[in-house]
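All remarks here apply to the structure that follows.
In the working numbering, the protein residues as written are 61 to 527.
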C-alpha cells in the first residue's frame with residue numbers, strides 16, 4: 061500500500077498545512093490513495109496519482125493530467141509550492157482522441173488595438189488534443205474609456221457571421237475563434253460604412269463611434285435608423301449630405317461637420333445636417349459647416365439639426381451657415397437654426413450660433429425654429445439672421461400653435477417670436493449670467509440632465525451634462 065501523505069497537521073502551534081482535494085470527475089484512484097492530501101506550507105506536491113475512468117479501452121478515457129481550474133485550461137505545475145488550500149481537477153479525453161497530437165485554440169478579441177483608450181481583458185490560448193474540444197472561456201470585457209461594450213459570443217470568422225459551437229466542434233487543426241461585441245464600433249470611414257451596410261438588413265443595429273472620422277468618398281445617407289448611435293463626443297467630418305433620411309432611433313453625443321451643396325432641380329427640399337425628419341431623439345449633438353441650396357423648387361425647408369422635428373432635440377448646438385434660394389415663382393424658403401418646423405416636438409437646452417440667409421418669394425426664419433407647433437424651452441440664439449423676412453423671430457418665426465418658454469436671443473432681430481406669443485423669449489443686450497441661471501432653473505425643473513456653463517465670444521453659454 062502506498063500512501064501519499066507528506067505531512068500531518070499538528071495541534072497547537074505545529075506546522076502550517078494545506079488541504080489539496082482531488083476532483084476525479086467520475087474517475088477513480090489507484091488503491092491506497094485518498095482524494096484529500098495534506099501538504100506542509102511551502103512544500104511541493106509531487107508523485108500525484110494517475111486515476112482511471114471507464115471500464116475498457118473501448119469505452120474508457122485517457123487521463124490528461126491535473127488542472128487548477130474547473131474548466132481544465134490551466135495545468136498544475138509540480139514545481140509550484142503549495143501555499144493555500146487547493147482543488148486539482150482531473151482532465152479526461154476519450155481513447156479515440158490522438159493524444160500524440162495537440163493543437164492551439166486562440167481567442168481573438170476582434171477589436172482595433174490601435175485605438176487609444178480601448179482596452180480589453182486577455183483570454184489565454186488553449187492546447188487541445190486532436191479530436192478533442194475547446195472549453196468556452198469566461199466572457200471577456202472591452203471598454204472604451206468609460207463606455208462598456210457587451211460581449212455577444214464567439215464566432216468562427218472575424219465578421220462574426222457563424223457562431224462557434226464549443227459543445228460540438230472537434231479540433232483537428234490550429235483554430236482561431238473571434239469575439240463579437242455590441243454595439244457596432246465605428247472608428248474610421250470603412251468601419252462606419254460597414255455599420256451603414258449592416259443597417260440595410262437591420263436598421264436597429266446600435267453603433268458607438270470611438271474616433272474622429274473623416275469622409276473622403278462622399279456620403280450616401282442612411283435610409284432608415286431605429287437603434288442608438290453614441291458618438292462619444294467624436295465628429296464625423298466632410299459630410300456632403302444629410303446623415304440619415306429619417307431618424308427613428310437615438311443619436312447622441314455626436315458631432316457633424318457638413319459641406320452640403322444642392323444646386324440641381326430635385327423634389328421638394330427638406331434638409332437637416334443630421335436628419336431631414338426626426339421621429340425620435342437627437343441629444344447632445346453638435347453641427348458645424350455650411351448648407352447651401354439653390355433649387356427651382358416651390359418649397360425649401362432647412363434646419364441646422366433637422367428640417368422637421370416630431371419628437372425631441374435636447375442639448376444640441378448648431379453653428380452651421382445656411383444659405384437657401386428658391387428660384388421658383390412663388391417659392392418659399394423656411395429656415396431654422398435648429399429645425400425648420402417643430403411639429404409638436406420638443407426642443408430644449410439647445411442653441412444656434414451660426415448664420416442664416418434666404419431668398420424666395422416668401423422667406424421665414426427663426427433662430428431655433430421657423431415654425432413652432434411644439435415646445436421650445438431653455439434655448440438661446442446668437443446667430444446672424446436676415447435683416448428682413450416675411451416671418452422672422454430671434455427664437456421662432458411663428459409660434460401660434462406652440463409655446464416658447466425661458467428662451468433668449470441677441471442681435472438685431474426685433475422680436476423673439478415673429479408671429480404668436482413671444483412672452484417666453486427675451487432679448488439679451490449684454491450679460492448672459494441671468495439668462496444662464498434662469499435656463500438652468502427651467503432645465504432642473506423639467507428633469508433634463510444638462511446645464512449651461514459660461515462660454516466665450518459668439519458662444520456665450522455651453523451646454524454640458526449636469527455635474
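Ideal placement from N, C-alpha and C gives every residue a C-beta, glycine not left out.
Asked: May I ask you to verify whether the segment 351 to 366 touches the segment 510 to 517, counting CB pairs closer than 8 Å and requiring at least 3?; Found: no
Asked: Would you say residue 488 and residue 467 are within 8 Å of each other, going by their C-beta atoms?; Found: no
Asked: Tell me whether residue 357 sits in a helix, a strand or coil according to DSSP, three-state version.; Found: coil
Asked: Give, in chain order, every unbroken run of the beta strand (DSSP E) that is at least 3 residues long and sits entirely within the segment 445 to 511.; Found: 451 to 453, 456 to 459, 463 to 465, 467 to 469, 477 to 480, 485 to 487
Asked: Are the beta-carbon atoms belonging to residue 459 and residue 411 less than 8 Å from one another?; Found: no
Asked: From residue 324 to residue 331, what distance separates their C-alpha atoms?; Found: 14 Å
Asked: Along the chain, where does the alpha helix (DSSP H) containing residue 257 start, and where does it finish?; Found: 249 to 259
Asked: Tell me, please, whether the segment 230 to 237 touches the segment 199 to 207 by the rule of three or more beta-carbon pairs shorter than 8 Å.; Found: no
Asked: Roughly how many angstroms lie between the CA atoms of residue 490 and residue 374, to the nearest whole one?; Found: 26 Å
Asked: Around the Cβ of residue 397, are there at least 16 other Cβ atoms within 10 angstroms (buried) or fewer (exposed)?; Found: buried
Asked: Is the segment 338 to 347 in contact with the segment 306 to 326, if contact means three or more CB pairs nearer than 8 Å?; Found: yes
Asked: Residue 80 to residue 223, Cα distance in whole Å?; Found: 38 Å
Asked: Ignore the nearest five residues each way along the sequence and tell me which others in residue 508's own chain have a CB closer than 7 Å to its CB.; Found: 374, 408, 409
Asked: Which residue marks the beginning of the beta strand (DSSP E) containing residue 265, and which one marks its end?; Found: First-last for residue 265: undefined, no H or E at that position.
Asked: So what's residue 76 in DSSP terms, helix, strand or just coil?; Found: coil
Asked: Could you compute how far the alpha carbon of residue 16 sits from the alpha carbon of residue 143?; Found: This structure does not reach residue 16, given that the chain is present from 61 up to 527, and the question cannot be answered.
Asked: Given residue 492, which residues of its chain have a CB within under 7 Å of its CB, disregarding the five upstream and five downstream residues?; Found: 520, 521
Asked: Assuming residue 270 and residue 204 make a contact with CB atoms under 8 Å, what is their CB distance in whole Å?; Found: 5 Å
Asked: For my contact list, residue 319 and residue 350 are in at a C-beta cut-off of 8 Å; report their separation, rounded to the angstrom.; Found: 6 Å
Asked: Assuming residue 242 contacts residue 210 under a Cβ cut-off of 8 Å, what Cβ separation, rounded to an integer in Å, is found between them?; Found: 5 Å
Asked: Do residue 419 and residue 385 have their C-beta atoms within less than 8 Å of each other?; Found: yes
Asked: From the DSSP output, read off the bridge partner residues of residue 241.; Found: 211
Asked: Leaving out five residues before and five after residue 416 in sequence, what residues of the same chain have Cβ atoms less than 6 Å from its Cβ?; Found: 382, 395, 425, 445
Asked: How far does the beta strand (DSSP E) with residue 205 in it reach, from first residue to last?; Found: Taken as a continuous stretch (DSSP letters only), residue 205 belongs to no beta strand (DSSP E), as it is neither H nor E.
Asked: Going by C-alpha to C-alpha distance, which of 451, 484, 102, 435 sits closest to residue 461?; Found: 435
Asked: When you compare the CB of residue 409 with every CB in chain B, is at least one pair closer than 8 Å?; Found: Among the chains in the structure shown there is no chain B, since it carries only a single protein chain.
Asked: Let me know the alpha helix (DSSP H) ranges lying completely inside the segment 328 to 391, each 4 residues or longer, listed in chain order.; Found: none
Asked: Using the three-state DSSP reduction, which class does residue 200 fall into: helix, strand or coil?; Found: coil
Asked: Could you name the residues of the same chain whose beta carbon sits closer than 7 Å to that of residue 179, not counting the 5 residues immediately before and after it, in chain order?; Found: 203
Asked: Is residue 305 helix, strand or coil by DSSP?; Found: coil
Asked: Does the Cβ of residue 361 have 16 or more other Cβ atoms within 10 Å, making it buried, or fewer, making it exposed?; Found: buried
Asked: Give the DSSP bridge partners of residue 96, in chain order.; Found: 81
Asked: Please classify residue 128: does DSSP put it in a helix, a strand, or coil?; Found: coil
Asked: Would you kindly work out how many angstroms separate the C-alpha atoms of residue 161 and residue 188, rounded to a whole number?; Found: 9 Å
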